[in-house]
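The opening position of the sequence shown corresponds to residue 792 in my numbering, with each subsequent residue numbered one higher. Where is the CB? At the ideal position from N, CA and C, for every residue including glycine. Structure first, commentary second.
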Amino acid sequence: MNQKTVLNDSHRALGAKMVDFGGWDMPIHYGSQIDEHHQVRRDAGMFDVSHMTVVDLRGDGTRVFLRRLLANSVDKLRKPGKALYSCMLDQHGGVIDDLIVYYLAEDFFRMVVNAATRGKDLAWIRQQAAAFDVTVEERAGLAMIAVQGPNARERVGGLLEECDRAAVARLARFAAVEARTRGGVPLFVARTGYTGEDGFEIVLDREAAVAFWESLLAAGVKPAGLGARDTLRLEAGMNLYGQDMDEQVSPYESALGWTVALDQDRDFIGRPVLEAQAADGAPREMVGLVMDEKGVLRHGQQVLTASGQGEVLSGTFSPTLGKAIAFARVPAGEHGQVRVDIRGREVPVRVVRFPFVREGQAQPGVLG
């Protein structure tokens, strides 16, 4: 039996097509995935992300614990409300999960981890926390709604109390603040997202989620499903756990080397493997692909390069670009003329830097 978010009935009332996603009954679209994609790129759309797992960490040893747990350095977080993106690694440098951690007080940090990895994440976090003065609390009573797009900030701001509106409007990227709706509902508003557009991820009590969703609908924010979320995040160059990375690959093999902080005097889990890869180079790398011919790049297709064979990780048709795009993991080295095997036919593709799209515009070199 799939789990359901508190907004499940709301999705069905809006005509959503529901699918299984990591054990959750979630909307894939509400009629047109393409329209929902463009709605987020051009205006404002919202996603039910209540299946994500919110974990609160409390105790005097929390910062010390996170210095050990995460590949990125929480020492970068000094101002309450600031956030950090990081991978959580095993002893072999493999990615257990990618997550966002918020610094709320010296003895209080909040983490948001992926839905499909909830069980293993919580087990790993609790196992590692046992040696520190830290309590680990899963906040199952919370819901989360992401509002994304160029008009997202304006639409959300109109629902807030006057005294909180200015604070939310000033909120920097990768930061969070507490606010209230005009009806007095407490919100945790983070200027983060998974679409490449500006906007917020908003955490609130489950009991208040349906009314807040309805308020957003009334304010002109249209719902979007997992289908649009996937094409948006791929255009934005954002990894999907389980498809673009897992325990078998390191951050350096997942184009996430920028999240690794090899700062002195910090012995984080998996560091020796990452130090070796930083010095000698990782054996594989993740690249962006664009196919100028008609067709779609799909997960699992074989990629042929001068250095050897790789495979397509995430692949889709980009509604913004009008072309097929993909991530691929290939052997490190010179790529030469790259081809993808599509049903026995070797189709030429171009290797490009990602993100493919930033703030609704194709990035240099993506369109050829």
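(message) I need the straight-line Cα distance from arginine 854 to glutamate 897, nearest angstrom please.
(response) Along the sequence shown, read from residue 1 onward, the residue named residue 854 stands at position 63. Along the sequence shown, read from residue 1 onward, the residue named residue 897 stands at position 106. For arginine 854 and glutamate 897, the distance between alpha carbons rounds to 7 Å.
Exercise for the section: Between the Cα of methionine 817 and those of Val831, Asp839, Asp834, spot the shortest distance and give me the residue it belongs to. Expected result: Your numbering for residue 817 matches position 26 in the sequence shown. Considering only alpha carbons, the answer is Asp839.
With 16 other CB atoms within 10 Å as the buried threshold, where does alanine 963 fall?
As a first step, residue 963 is located in the sequence shown; it is residue number 172 there, counting from the start. When all chains shown are included, alanine 963 counts as exposed.
Worksheet item: Shorter than 8 Å from the beta carbon of proline 818 to some beta carbon of chain C?
Response: You won't find chain C in this structure, because it holds only one protein chain.
- Task: Any chance you could list the alpha helix (DSSP H) runs of at least 4 consecutive residues sitting entirely within the segment 1098-1146, in chain order?
- Result: The segment 1098-1146 contains no complete alpha helix (DSSP H) run of 4 or more residues.
First through last residue of the alpha helix (DSSP H) which encompasses threonine 972: By one-based count along the sequence shown, residue 972 stands at place 181. Where threonine 972 is concerned, there is no enclosing alpha helix (DSSP H), given that its DSSP letter is neither H nor E.
For this session: Assign histidine 802 to one of two classes, buried (16 or more other C-beta atoms within 10 Å of its C-beta) or exposed (fewer than that).
Result: The sequence position of residue 802 within the sequence shown is 11, counting from 1. Answer is buried; the Cβ neighbour count reaches 16.
>> Assuming leucine 890 and valine 903 are in contact, meaning their beta carbons sit under 8 Å apart, how far apart are those beta carbons, in whole angstroms?
In response: Counted from its first residue, the sequence shown places residue 890 at position 99. Counted from its first residue, the sequence shown places residue 903 at position 112. Taking a contact as a CB-CB distance under 8 Å, the pair leucine 890 and valine 903 counts as one, their CB atoms being some 6 Å apart.
Helix or strand or just coil, what does DSSP make of glycine 1079? Locating residue 1079 in the sequence shown gives position 288, counting from the first residue. Reduced to three states, the DSSP call for glycine 1079 is strand.
Bridge-paired residues (DSSP) for serine 877:
Locating residue 877 in the sequence shown gives position 86, where the first residue counts as 1. Note: serine 877 sits in a beta bridge opposite Leu890.
Query raised in the report: How long is the line joining the alpha carbons of glutamate 1066 and alanine 862, rounded to whole angstroms?
Result: Position 275 of the sequence shown holds residue 1066. Position 71 of the sequence shown holds residue 862. The alpha-carbon of glutamate 1066 is positioned some 11 Å away from that of alanine 862.
Requested in this report: Note down the Cα distance separating arginine 832 from alanine 922, rounded to an integer number of angstroms.
Outcome: Working through the sequence shown from its first residue, we reach residue 832 at position 41. Working through the sequence shown from its first residue, we reach residue 922 at position 131. C-alpha separation (whole angstroms): 45 Å.
If I measure Cβ to Cβ from alanine 807 and keep anything under 8 Å in the same chain, skipping five residues before and after, which residues do I get?
Here residue 807 refers to the residue found at position 16 when the sequence shown is read from its first residue. Counting only Cβ-Cβ distances below 8 Å, and skipping sequence neighbours, we find Pro818, Ile819, His820, Tyr821, Pro1014, Gly1016.
**Asked** Should leucine 933 be labelled buried (16 or more other beta-carbon atoms within 10 Å of its own) or exposed?
**Response** Residue 933 sits at position 142 when you count from the first residue of the sequence shown. Looking at its Cβ environment, which holds 16 or more other Cβ atoms inside 10 Å, leucine 933 is buried.
Practice problem: Classify glutamine 939 as buried or exposed, calling it buried when 16 or more other Cβ atoms lie within 10 Å of its own Cβ. | Solution: Taking the first residue of the sequence shown as 1, we reach residue 939 at position 148. With 16 or more other CB atoms across the displayed protein chains lying within 10 angstroms of its CB, glutamine 939 is buried.
- Query: The beta strand (DSSP E) with arginine 930 in it runs from where to where?
  - Reply: Locating residue 930 in the sequence shown gives position 139, where the first residue counts as 1. Segment: none, arginine 930 is in no beta strand (DSSP E) and carries neither H nor E.
- prompt: In the DSSP assignment, what residue or residues form a beta bridge with aspartate 955?
  reply: Here residue 955 corresponds to residue number 164 of the sequence shown, with the count starting at 1. Answer by DSSP bridge pairing: none, since aspartate 955 is not bridged.
* beta strand (DSSP E) segments (min. 3 residues) lying fully within the segment 832-867 -> Secondary structure in the segment 832-867: the beta strand (DSSP E) runs of 3 residues or longer, each lying completely within the stretch, are 836-839, 844-849 in chain order.
For this session: Measure the C-alpha to C-alpha separation of alanine 931 and arginine 1144 and round it to an integer number of angstroms.
Result: Here residue 931 refers to the residue found at position 140 when the sequence shown is read from its first residue. Here residue 1144 refers to the residue found at position 353 when the sequence shown is read from its first residue. Distance between the alpha carbons of alanine 931 and arginine 1144 is about 38 Å.
When the Cα atoms are used, what is the spatial distance from glutamate 952 to glycine 975?
Residue 952 sits at position 161 when you count from the first residue of the sequence shown. Residue 975 sits at position 184 when you count from the first residue of the sequence shown. So the alpha carbons of these two residues sit roughly 8 Å apart.
Query raised in the report: Mind checking methionine 792: buried by the 16 CB within 10 Å criterion, or exposed?
Result: Numbered from its first residue, the sequence shown carries residue 792 at position 1. Flag for methionine 792 reads exposed.
Worksheet item: At a cut of 8 Å, does the segment 1075-1082 reach the segment 1113-1120 through at least three beta carbon pairs?
Response: In short, these stretches touch, since the Cβ pair count reaches three.
* Should threonine 1111 and glycine 1086 be called a contact, given that it needs their Cβ atoms to be closer than 8 Å? -> Here residue 1111 refers to the residue found at position 320 when the sequence shown is read from its first residue. Here residue 1086 refers to the residue found at position 295 when the sequence shown is read from its first residue. For threonine 1111 and glycine 1086, no; Cβs fall outside 8 Å.
Query raised in the report: Is proline 1042 buried or exposed, if buried means 16 or more other CB atoms sit within 10 Å of its CB?
Result: Position 251 of the sequence shown, counting from 1, holds the residue named residue 1042. Taking all protein chains shown into account, proline 1042 has 16 or more neighbouring C-beta atoms within 10 Å of its C-beta and is therefore buried.
| What are the boundary residues of the alpha helix (DSSP H) that leucine 1025 is part of? | Taking the first residue of the sequence shown as position 1, residue 1025 is located at position 234. Residues 1017-1026.
* Apart from the five residues just before and just after glycine 1091, which ones in its own chain have a Cβ nearer than 8 Å to its Cβ? -> Here residue 1091 is taken as the residue at index 300 of the sequence shown, counted from 1. Take glycine 1091, set aside five residues on each side of it, and the residues of its chain with a beta-carbon closer than 8 Å to its own are Glu1102, Val1103, in chain order.
Does the Cβ of leucine 995 have 16 or more other Cβ atoms within 10 Å, making it buried, or fewer, making it exposed? On the sequence shown, residue 995 is found 204 positions in, with the first residue counted as 1. Taking all protein chains shown into account, leucine 995 has 16 or more neighbouring C-beta atoms within 10 Å of its C-beta and is therefore buried.
Query - Outcome for glutamine 1039 when other beta-carbon atoms lying within 10 angstroms are tallied against a minimum of 16 - result: Residue 1039 sits at position 248 when you count from the first residue of the sequence shown. That one is exposed.
Check your understanding: When the distance is taken between beta carbons, is alanine 1027 closer than 8 Å to glutamate 827?
Key -> Locating residue 827 in the sequence shown gives position 36, where the first residue counts as 1. Locating residue 1027 in the sequence shown gives position 236, where the first residue counts as 1. Annotated as distal: glutamate 827 and alanine 1027, with beta-carbon spacing of 8 Å or more.
Report task. Grab the span of the beta strand (DSSP E) containing glycine 990 for me, first residue to last. Result -> Counting from 1 along the sequence shown, the entry for residue 990 is found at position 199. Where glycine 990 is concerned, the enclosing beta strand (DSSP E) stretches over 990-996.
Below 8 Å between beta carbons: does that hold for glycine 1011 and arginine 944?
Locating residue 1011 in the sequence shown gives position 220, where the first residue counts as 1. Locating residue 944 in the sequence shown gives position 153, where the first residue counts as 1. Cβ atoms of glycine 1011 and arginine 944: not closer than 8 Å.
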